[in-house]
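Have a look at the structure below, then the notes.
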């Protein structure tokens, strides 16, 4: 990887040569305003509260003035103490006032570049650049972030930093797509407004209401109000199922209505492209815009996720299984909730295969897996019901009892989703019911096995096989597969790794 | 696996259950007229603790296995729930040894082999200290001899 890319015949000309910046650079001076804007918004309410409650005592004015001044001074210090440079072989970032941090990322280890512009950034034409490497030792510390530079600079950095990553493409004979990449970026998928029908199904509206509610009640607490508690107490004094029902219905309707603008907010201008420098690029967002570039060579597979309701509407979203992306803010998203056929098409084009491995016919898991699945889904509710029956008022225990049939259905559906398949390049495994996930993982990306047999699994001859990988979640499971099938699968997926030990296992 | 690891696990289990049991005992002795459920909880802790401390270490010792080949590191661990872990030598990123206070007392060590995956390193517990050191040297040599960035 670290060898400079030789340009093979047939590849498009490299993007115009950009002189590596080896001088130290500061973040853009406009960050002096943008950082307080982005971060100050969160502080705005406490400041206002501080100002306008009470009787205009002097200390309140002073305190809020001091807060504002502190924010400004802080952002000045961050700007003043942060500098970065890009040398021939690494990206360096020096930051911090009291604790000086010096980060350096070798350029040949750069796997992803993520450009994010929050509204504050966009007003001033700036963009934050997050550079991701494959390192995953401590979650959340992966890579480094330049917050922020001008949009042109960000774009330049994106091209520059991923340029070295271009490796000569070896045209493997097994590959049906022998054609070379087109000079311009090739559009794999684009937002279609028809996809909006999946917005309500993804329940994002309800999640958002929950989040907003959390923030609001926090502020309410600051003001000495306890609306939730008051509501509960009131409800206990005047129990009314009509009211409760109306409340739930209102919540659901509001959630459904909200989910559409949310979908637009997150996925407006969504576009998935293959860039000439060998990266996949996802752009999206209405207010906060994001552009995530993933080095194609580091893509280890695709995860097709079908949340229950979206699945009922024959939809799915696609997620990249790759190194160098945090899971924060869905940076690994390849396709927002969209029709399943689109998801398969994206998966196929992204992986450059003739047909999507996740559409392979999956081998069913043994019947004992159904027993386990039902058991695991139903028993917790039984325990809760018994617990409530013993210790709680008498109206409480029928609630978990009423849930049991649904839990059993989920358990049954969970069993139905289980499946695995293996083709010449991918290990495919499907799991879960509420968010059904079908993962196609490159066999060459598997760097070990974790094979687990619980006490009960041993008794029913099952095992859960985890394929560990540097990418994505780190491990992908084939759940409750029959012992001999499972070992055969693992052995076939990565030849020779397990074999020395298999004799012993069988014996 | 050193036979001394049975002793190690016994000590660890005993300490764990003592930490749970002793405060209960103190409360029980200090409080006037302690409620019956407290006595029941205490007895339950004692019974489960003694059983666990008696059974788990030797069961675990019968299960635990490890092996290295020029190509892979392999462990089997657990007792009720058992897990095999396999990591190919070509994908090894770091090799650490770790010795807790009990392990130092007994002259044991744990060797941890990490790959690029975020999901769980391969841990070889309860090795004699010398064996552990030898293993680390051996693995380091084979790992260095293997090219690639192991991701």
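Residue numbers (our numbering), protein chains in the order written: chain L, 1 to 507; chain R, 1001 to 1151. By construction, the Cβ of each residue, glycine as well, lies at the ideal position given by its N, Cα and C atoms.
- The Cβ of residue 1029 of chain R sits no closer than 7 Å to any Cβ of chain L.
- Contacts between residue 1135 of chain R and chain L, judged by CB atoms closer than 9 Å, are missing: the closest CB pair is about 17 Å apart.
- Residues 191, 284, 285, 286 of the same chain have their beta carbon placed closer than 8 Å to that of residue 268 of chain L, with the five preceding and five following residues left out of the count.
- No Cβ of chain L is located within less than 7 Å of the beta carbon of residue 1060 of chain R.
- One thing to note: residue 1089 of chain R has its Cβ no nearer than 7 Å to the Cβ of residue 1079 of chain R.
- Neighbours of residue 1091 of chain R across chain L, judged by C-beta separation under 8 Å: 447, 448.
- Beta-bridge partners of residue 186 of chain L (DSSP): L:274.
- Residue environment for residue 1140 of chain R: exposed (fewer than 16 other C-beta atoms within 10 angstroms of its C-beta).
- Taking CB atoms only, residue 470 of chain L has a neighbour in chain R less than 7 Å away.
- In terms of CA proximity to residue 305 of chain L, L:339 leads the group L:95, L:147, L:339, L:160.
- One finds 447, 448, 468, 470 in chain L with Cβ atoms closer than 8 Å to the Cβ of residue 1115 of chain R, taken in chain order.
- Each residue's CA atom was taken as its position, placing residue 121 of chain L and residue 379 of chain L some 50 Å apart.
- If you keep only unbroken beta strand (DSSP E) runs of at least 3 residues inside the region 216-283 of chain L, you get 271-274.
- Excluding sequence positions up to five before and after residue 1102 of chain R, its CB lies within less than 7 Å of the CB of 1008, 1011, 1012, all in the same chain and listed in chain order.
- If you ignore the 5 residues before and after residue 493 of chain L, its C-beta comes within less than 8 Å of the C-beta of 422, 427, 443, 446, 467, all in its own chain and listed in chain order.
- For residue 106 of chain L, the enclosing beta strand (DSSP E) starts and ends at 101-106.
- Every beta strand (DSSP E) stretch that sits fully inside the region 1017-1104 of chain R and reaches 3 residues is listed by chain position as 1065-1068, 1072-1078, 1082-1088, 1092-1098.
- In the three-state reduction of the DSSP assignment, residue 381 of chain L falls in the helix class, which pools H, G and I.
- Within 7 Å of the CB of residue 451 of chain L, the CB atoms of chain R belong to 1083, 1084, in sequence order along the chain.
- In summary, residue 238 of chain L is exposed, with fewer than 16 beta-carbon neighbours lying within 10 Å of its beta-carbon over all protein chains present.
- Two segments are said to touch when three or more pairs of C-beta atoms, one from each, lie closer than 8 Å; by this definition the region 198-206 of chain L touches the region 337-356 of chain L.
- Interface flag for residue 475 of chain L against chain R is set, since a Cβ pair is found closer than 7 Å.
- Straight-line spacing of the CA atoms in residue 118 of chain L and residue 128 of chain L works out to 9 Å.
- For residue 454 of chain L, the nearest CB of chain R lies under 7 Å from its own CB, placing it at the interface with that chain.
- Rounded to the nearest angstrom, the gap between the Cα atoms of residue 145 of chain L and residue 82 of chain L is 11 Å.
- Excluding residues up to 5 positions away in sequence, 111, 134, 298, 470, 471 lie with their Cβ nearer than 6 Å to the Cβ of residue 323 of chain L in the same chain.
- Contact between residue 47 of chain L and residue 64 of chain L is confirmed by a C-beta separation of about 5 Å, below the 8 Å threshold.
- Sorting L:256, L:260, L:280 by C-alpha distance to the C-alpha of residue 301 of chain L places L:280 at the top.
- Here the alpha carbons of residue 1049 of chain R and residue 1017 of chain R stand approximately 6 Å from one another.
- Here residue 1097 of chain R has 1109, 1110, 1111, 1112, 1132, 1133, 1136 as same chain residues with Cβ atoms under 8 Å from its own Cβ, once five neighbours each way along the sequence are excluded.
- Restricting attention to beta strand (DSSP E) runs no shorter than 3 residues, the region 367-451 of chain L encloses them at 419-422, 426-431, 435-442, ordered along the chain.
- Residue contact with chain R for residue 441 of chain L: absent (no Cβ-Cβ distance below 7 Å to any residue of chain R).
- Runs of the alpha helix (DSSP H) spanning 4 or more residues and lying entirely within the region 301-329 of chain L occur at 308-312, in chain order.
- The secondary-structure analysis by DSSP pairs residue 83 of chain L across a beta bridge with L:26, L:94.
- A Cβ-Cβ distance of about 7 Å is found for the pair residue 448 of chain L and residue 1117 of chain R, placing them in contact under the 8 Å criterion.
- Interface with chain L (7 Å Cβ-Cβ cutoff): residue 1044 of chain R is excluded.
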